[in-house]
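One structure is given below, encoded as structure tokens.
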Amino acid sequence: AGPRHGRRDQEVAACCPNHVVPGRSLPERSPTLRPAPNVPTAPFLGSRVVTDIRVEDIFPYLNERTLFSTQWQFRKNNVAPAEYERQMREVAYPALERLKRLCLEENILRPAVVYGFFPCAAAGDDLVVYEPDARTERVRFTFPRQEFGDYLCLSDYFRPGEGTATDVVAFSAVTMGDEVSRRAKELFDSNRYTDYLYLHGLGVEAAEALAEYAHKRVREEWGIAGDDSPVIQRLFKKHYRGCRYSFGYPACPNLEDQARLFDLLEPQRIGLRLSEQFQLEPEQSTTALIVHHPQAKYFNVRRSAGCGAA
39 AGPRHGRRDQ
49 EVAACCPNHV
59 VPGRSLPERS
69 PTLRPAPNVP
79 TAPFLGSRVV
89 TDIRVEDIFP
99 YLNERTLFST
109 QWQFRKNNVA
119 PAEYERQMRE
129 VAYPALERLK
139 RLCLEENILR
149 PAVVYGFFPC
159 AAAGDDLVVY
169 EPDARTERVR
179 FTFPRQEFGD
189 YLCLSDYFRP
199 GEGTATDVVA
209 FSAVTMGDEV
219 SRRAKELFDS
229 NRYTDYLYLH
239 GLGVEAAEAL
249 AEYAHKRVRE
259 EWGIAGDDSP
269 VIQRLFKKHY
279 RGCRYSFGYP
289 ACPNLEDQAR
299 LFDLLEPQRI
309 GLRLSEQFQL
319 EPEQSTTALI
329 VHHPQAKYFN
339 VRRSAGCGAA
């Protein structure tokens, strides 16, 4: 949900070489990846719902820089430095604190998470997700492979297997609920466009903050949080082991894969819905495929020379 920003900017703007050799056969796996040092043991198999989340515990994961610049349009390059500092001091930060209080007092943000761990294995460009018996295929994701450079494909971050699970993948789905969307619409319909911009933007970034919070919980339960930076703001720049990817972005561009994630997590249990165009509803929601491999990173997959994301 929402525009590409923050963590997603990294995913969209991931850099790769710009030379393509037409007709070159692609390797089955990237030659630059080493096997993960271990396959972390899943704390459980299947999915769990978490709704007893305090909004106060999510606010520290809010990327204020992205909120102010991308959602609220406070940008340094639009004004003189002194004027920008004044806007931050007198407008942006007071508005944020006021909105935080309002959301807490009126229960506008209603965080809910569903996440889970599943046995899996790579099969070429596919990621095969198995039932808990580790032998019965449940769903299969197919990802694009780079045609140059590192020849990366998302499936490369998992150990290959033939008809049986050899690795573990995690998935998450988070939402801030319908109420923030309803309130924002009321503001828009009342021509209170600045108030709408502020509340809508906070809702979008709060969903991203909740995704960051949920990802940290996944790493902790997976036993791989030892590499986490103790500074939350550094988590926004992926200072932890592994990576999380959202469908619709370069490494996993197929939005129809949302339906497969819904099959695995059943996020309807937290009020999430999938539109006919495979968009998430409520808007202030996001999903992710979570990789434990230490070398996992954001990368572009392009089918022709030049810049831009697939």
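So for the sequence shown, this note's numbering puts the first residue at 39; every next one is plus one.
Don't be surprised by glycine CBs; every beta carbon is placed ideally from N, CA and C.
Item, Value
"Run through DSSP, which three-state label would Pro119 get?", "helix"
"Residue range of the alpha helix (DSSP H) that Cys191 falls in?", "Counting along the chain, Cys191 falls outside any alpha helix (DSSP H), and DSSP gives it neither H nor E."
"Just verifying my parser: in three-state terms, what is the DSSP assignment at Val367?", "Residue 367 is absent from the model: the chain starts at 39 and stops at 348."
"Could you check if Thr325 is buried or exposed, using at least 16 other CB atoms within 10 Å of its CB as the buried criterion?", "buried"
"Does the Cβ of Val59 have 16 or more other Cβ atoms within 10 Å, making it buried, or fewer, making it exposed?", "Low confidence applies to Val59: its pLDDT is 44, below 50, so where it sits in the model is not reliable, and the reading given next is rough at best. Counting Cβ neighbours within 10 Å, Val59 comes out exposed, since fewer than 16 surround it."
"Kindly provide the ranges of any beta strand (DSSP E) runs that are 3 or more residues long and lie completely inside the segment 265-337, ordered along the chain.", "281-283, 323-329"
"Following the continuous alpha helix (DSSP H) through Gly154, name the residue where it begins and the one where it ends.", "Note, Gly154: premise wrong, no alpha helix (DSSP H); beta strand (DSSP E) at 150-161."
"Looking at C-alpha atoms only, which residue of Glu314, Val129, Asp90 is the closest neighbour of Asp233?", "Val129"
"So for Val339, helix, strand or coil by DSSP?", "coil"
"Look at the alpha carbon of Arg197 and the alpha carbon of Gly241, and state the distance between them as a whole number of angstroms.", "37 Å"
"When DSSP labels each residue in this structure, what does Gly199 get in the three-state scheme?", "coil"
"For Arg167 and Arg127, what's the separation of their Cα atoms in angstroms?", "For the record, residue 167 in the displayed sequence is Val; it is not Arg. For Val167 and Arg127, the distance between alpha carbons rounds to 49 Å."
"Beta strand (DSSP E) containing Arg178: first to last residue?", "175-180"
"Tell me which residue opens and which closes the beta strand (DSSP E) that Thr232 is part of.", "Element bounds for Thr232: not the beta strand (DSSP E) but the alpha helix (DSSP H), 231-260."
"Taking a contact to mean a Cβ-Cβ separation below 9 Å, would you say Val207 touches Phe285 in this structure?", "no"
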